[in-house]
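Letter by letter, the sequence shown follows residues 18 to 283 of our numbering. Note that beta-carbon positions come from the ideal geometry of N, C-alpha and C, so glycine has one too. Worksheet: the structure to be examined is printed underneath.
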Amino acid sequence: MEQSELGRRRALWALGAVTLATLVVGDAVRSSSRKPDAVPPARRRPAVHPPVALPPPGWTLSPLKARHQPVHSLRDLAPAAPGNAIALTIDDGPHPEWTPRMLDLLAEHDVRATFSLIGLQVRRYPRLADRIVRAGHQLCNHTMHHPIPFNRLPARRMRAEIVEAQGRIADATGVTAKFFRSPGGSWSRQVVHIADDHGMIPIDWDIDPRDWSRPGTRRIAQSMLACRPGAILLCHDGGGDRSETIKALRTVIPRLKHRGLSFVSL
Ligand SMILES: [Zn+2]
Numbered sequence: 018m019e020q021s022e023l024g025r026r027r028a029l030w031a032l033g034a035v036t037l038a039t040l041v042v043g044d045a046v047r048s049s050s051r052k053p054d055a056v057p058p059a060r061r062r063p064a065v066h067p068p069v070a071l072p073p074p075g076w077t078l079s080p081l082k083a084r085h086q087p088v089h090s091l092r093d094l095a096p097a098a099p100g101n102a103i104a105l106t107i108d109d110g111p112h113p114e115w116t117p118r119m120l121d122l123l124a125e126h127d128v129r130a131t132f133s134l135i136g137l138q139v140r141r142y143p144r145l146a147d148r149i150v151r152a153g154h155q156l157c158n159h160t161m162h163h164p165i166p167f168n169r170l171p172a173r174r175m176r177a178e179i180v181e182a183q184g185r186i187a188d189a190t191g192v193t194a195k196f197f198r199s200p201g202g203s204w205s206r207q208v209v210h211i212a213d214d215h216g217m218i219p220i221d222w223d224i225d226p227r228d229w230s231r232p233g234t235r236r237i238a239q240s241m242l243a244c245r246p247g248a249i250l251l252c253h254d255g256g257g258d259r260s261e262t263i264k265a266l267r268t269v270i271p272r273l274k275h276r277g278l279s280f281v282s283l
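Printed below as a string of structure tokens:
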């Protein structure tokens, strides 16, 4: 994201308080927020995985702040996070070609990340979504159909997009996503309110290499290498040819680790 755009968004958020419901994370949210007829009963199955990617000891989530604006940095989300922590977030999958490559790369470097899943893709490739969880990565709800601009949708449609994706993710993985990322970073107070209503913390980013536009491996790497401790980095494993992203990360991950930065999932 452009810095000026980031500043503009933050200023927008400073304009007004948001009335938000109590943050409840867990199965209660899942059961209350799902359409009863979203998935035939035969396809449902109980949660079989333990909660994934628990915060490290001493890490205290601060959801209160996240109720008022999306989180741009680990500093906002977790003041007690290790000072050298950064978070890699990977959006728009699962994709049959790029997600396995991404998972292999992350495993090779022993990195845990956070995958923002599109419900439609989860419906098409449920086993890939499950593989992400089994590899120890965190999940984030990225709506059912990735409509843009998301913040212009009627509230009812926003809610349906979030709830349906949450159901698909839970059906495929047994996991209730505790984070939400709006498509294209398109936020509003209403978007944050609805995400909170469904027990999810809204997550934005502060490093955007615009890898979706295929600017070249070198530019993607340069952008990501400019990150500082506490950064939330954005990249993609869906939405098109992601070979540049994968190639850039092959360089970026070891170099950031060499600088003493530590990858954490949200
Ligand atoms: Zn996206």
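Selection from the options that minimises the alpha carbon distance to residue i
| i | options | result |
| --- | --- | --- |
| residue 93 | 266, 247, 252 | 247 |
| residue 86 | 219, 261, 244 | 219 |
| residue 245 | 263, 273, 126, 257 | 273 |
| residue 125 | 134, 270, 233, 231 | 270 |
| residue 139 | 113, 123, 279 | 113 |
8 angstroms contact criterion, which residue i and residue j should meet: CB distance rounded
| i | j | result |
| --- | --- | --- |
| residue 226 | residue 203 | Actually they do not touch by this definition, with Cβ atoms about 19 angstroms apart. |
| residue 211 | residue 172 | 7 angstroms |
| residue 108 | residue 169 | Wrong, their Cβ atoms sit about 20 angstroms apart, outside the cutoff. |
| residue 167 | residue 175 | 7 angstroms |
| residue 136 | residue 186 | 7 angstroms |
| residue 223 | residue 252 | Rounded, the Cβ-Cβ distance is 13 angstroms, inconsistent with contact. |
Backbone CA spacing between residue i and residue j [nearest angstrom]
| i | j | result |
| --- | --- | --- |
| residue 181 | residue 90 | 27 angstroms |
| residue 159 | residue 98 | 24 angstroms |
| residue 214 | residue 183 | 13 angstroms |
| residue 188 | residue 111 | 15 angstroms |
| residue 118 | residue 128 | 14 angstroms |
| residue 266 | residue 132 | 15 angstroms |
| residue 164 | residue 231 | 21 angstroms |
| residue 156 | residue 206 | 23 angstroms |
| residue 249 | residue 243 | 12 angstroms |
| residue 209 | residue 193 | 18 angstroms |
| residue 57 | residue 221 | Annotation note: pLDDT 39 at residue 57 (below 50); position unreliable, coordinate value reported separately. So the alpha carbons of these two residues sit roughly 33 angstroms apart. |
| residue 148 | residue 237 | 26 angstroms |
| residue 100 | residue 196 | 22 angstroms |
| residue 262 | residue 102 | 21 angstroms |
Buried or exposed (CB count within 10 angstroms, at least 16 for buried), residue i
| i | result |
| --- | --- |
| residue 255 | buried |
| residue 216 | buried |
| residue 260 | exposed |
| residue 275 | exposed |
| residue 200 | buried |
| residue 121 | exposed |
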